[in-house]
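**Student:** What follows is a structure written as structure tokens; I'll ask about it next.
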Amino acid sequence: MKVLTERDSFLSNYEVLQHLQNIKKKYNWSFNPNDEKFMKNKKNKHHFTGCGINLEIITRDVLSCLENNESSLIQSTKSFKQLMEFLNQFELMKVEKLQIVNSLPRSLVVLYALVEECEDRFGEETSESIIEKINELFPIQEEEEEEAGEGEEDAEINE
Numbered sequence: 001m002k003v004l005t006e007r008d009s010f011l012s013n014y015e016v017l018q019h020l021q022n023i024k025k026k027y028n029w030s031f032n033p034n035d036e037k038f039m040k041n042k043k044n045k046h047h048f049t050g051c052g053i054n055l056e057i058i059t060r061d062v063l064s065c066l067e068n069n070e071s072s073l074i075q076s077t078k079s080f081k082q083l084m085e086f087l088n089q090f091e092l093m094k095v096e097k098l099q100i101v102n103s104l105p106r107s108l109v110v111l112y113a114l115v116e117e118c119e120d121r122f123g124e125e126t127s128e129s130i131i132e133k134i135n136e137l138f139p140i141q142e143e144e145e146e147e148a149g150e151g152e153e154d155a156e157i158n159e
């Protein structure tokens, strides 16, 4: 097997997700009943492309994996660009930026695991600013719902 073109850049999970969603849209594939509701013309649905059913199966499987991943919290290209511009301020390697974008760390422990010698290179304040920026751009709604649920449980216990 011969490599025709060497990899010259990395793709984040978000970029792969966007690309696969465009392929899905291009071929009018529906992978669940909700997709079919939004399709305007079901007769135009293409099951088999020039690549065969394998492309559809791989697209479906990878999309389902990526949609249940941290990178699915990235809802717009604007917020993705803002995060990348923020990370470019620091002397991070491309791989470290990629890992941060893909996992969106919410704690210093996770960030330290992703960035080599993070504590020595950046210090705690800089590391916390990265975490704060991620929380600002990509807030987690589940935590708010869990906290509200805990508050209701506490009220029930007190009664």
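Read in order, the letters of the sequence shown correspond to residues 1 to 159 in full-length UniProt numbering. Yeah, the Cβ is synthetic: ideal placement off N, Cα and C, and Gly gets one too.
1) Give me the Cα-Cα distance between L17 and E136, rounded to the nearest whole angstrom.
2) Do F90 and Y14 have their beta-carbon atoms positioned less than 8 Å apart in this structure?
3) Just to check, is the beta-carbon of L4 closer than 7 Å to a non-hydrogen atom of the ligand NAP?
4) Out of E96, N28, V101 and K24, state which residue places its alpha-carbon closest to the alpha-carbon of E63.
5) With 16 as the cutoff for other CB atoms within 10 Å, does Q99 come out buried or exposed?
6) Is L108 near E96, with beta carbons less than 8 Å apart?
7) Please report the distance separating the alpha-carbon of F122 from that of R60.
8) Does the Cβ of N102 have 16 or more other Cβ atoms within 10 Å, making it buried, or fewer, making it exposed?
9) Less than 8 Å separating the beta-carbons of E67 and W29?
10) In angstroms with no decimal places, state the Cα-to-Cα distance between F138 and L4.
11) Does C118 pass the burial test, meaning 16 or more other C-beta atoms within 10 Å, or should it be called exposed?
12) For L87, collect the residues of the same chain with a Cβ closer than 7 Å to its Cβ; drop the 5 residues on either side in sequence, then sort them by chain order.
13) Report the CB separation of P105 from I131 in whole angstroms; it is logged as a contact under 8 Å.
14) How should I58 be labelled, buried or exposed, when 16 other C-beta atoms within 10 angstroms of its C-beta is the threshold for buried?
**Tutor:** So, from the data block:
1) For the purposes of this step, residue 17 is identified with residue 17 of the sequence shown, where counting begins at 1. For the purposes of this step, residue 136 is identified with residue 136 of the sequence shown, where counting begins at 1. One C-alpha to the other measures close to 22 Å.
2) The residue given as residue 14 occupies position 14 in the sequence shown. The residue given as residue 90 occupies position 90 in the sequence shown. Not in contact: Y14 and F90 (Cβ atoms no closer than 8 Å).
3) For the structure depicted, the ligand NAP is absent and the ligand set is empty, with no information on it obtainable.
4) Locating residue 63 in the sequence shown gives position 63, where the first residue counts as 1. The amino acid at residue 63 is misidentified as Glu; the sequence shows Leu. Among E96, N28, V101 and K24, the Cα nearest to that of L63 is on K24.
5) The count along the sequence shown starts at 1 and reaches residue 99 at position 99. Per the 10 Å Cβ criterion, buried.
6) Within the sequence shown, numbered from 1, the residue matching residue 108 stands at position 108. Within the sequence shown, numbered from 1, the residue matching residue 96 stands at position 96. Cβ atoms of L108 and E96: not closer than 8 Å.
7) Walking along the sequence shown from the start, residue 122 turns up at place 122. Walking along the sequence shown from the start, residue 60 turns up at place 60. F122 and R60: Cα-Cα distance of roughly 40 Å.
8) Against the sequence shown, residue 102 aligns to sequence position 102. Of the other Cβ atoms in all chains shown, 16 or more fall within 10 Å of the Cβ of N102; this residue is therefore buried.
9) If you number the sequence shown from 1, residue 67 lands on position 67. If you number the sequence shown from 1, residue 29 lands on position 29. No, the Cβ-Cβ distance between E67 and W29 is not below 8 Å.
10) Along the sequence shown, read from residue 1 onward, the residue named residue 138 stands at position 138. Along the sequence shown, read from residue 1 onward, the residue named residue 4 stands at position 4. In this structure, the straight-line span from the alpha carbon of F138 to that of L4 is close to 38 Å.
11) Along the sequence shown, one-based indexing puts residue 118 at 118. Looking at its Cβ environment, which holds 16 or more other Cβ atoms inside 10 Å, C118 is buried.
12) Counting from one through the sequence shown, the residue named residue 87 turns up at place 87. Answer for L87: K97 and I100, listed in chain order.
13) Counting from 1 along the sequence shown, the entry for residue 105 is found at position 105. Counting from 1 along the sequence shown, the entry for residue 131 is found at position 131. Yes, they are in contact, since the Cβ atoms of P105 and I131 sit about 7 Å apart, within 8 Å.
14) On the sequence shown, residue 58 is found 58 positions in, with the first residue counted as 1. So I58 counts as exposed.
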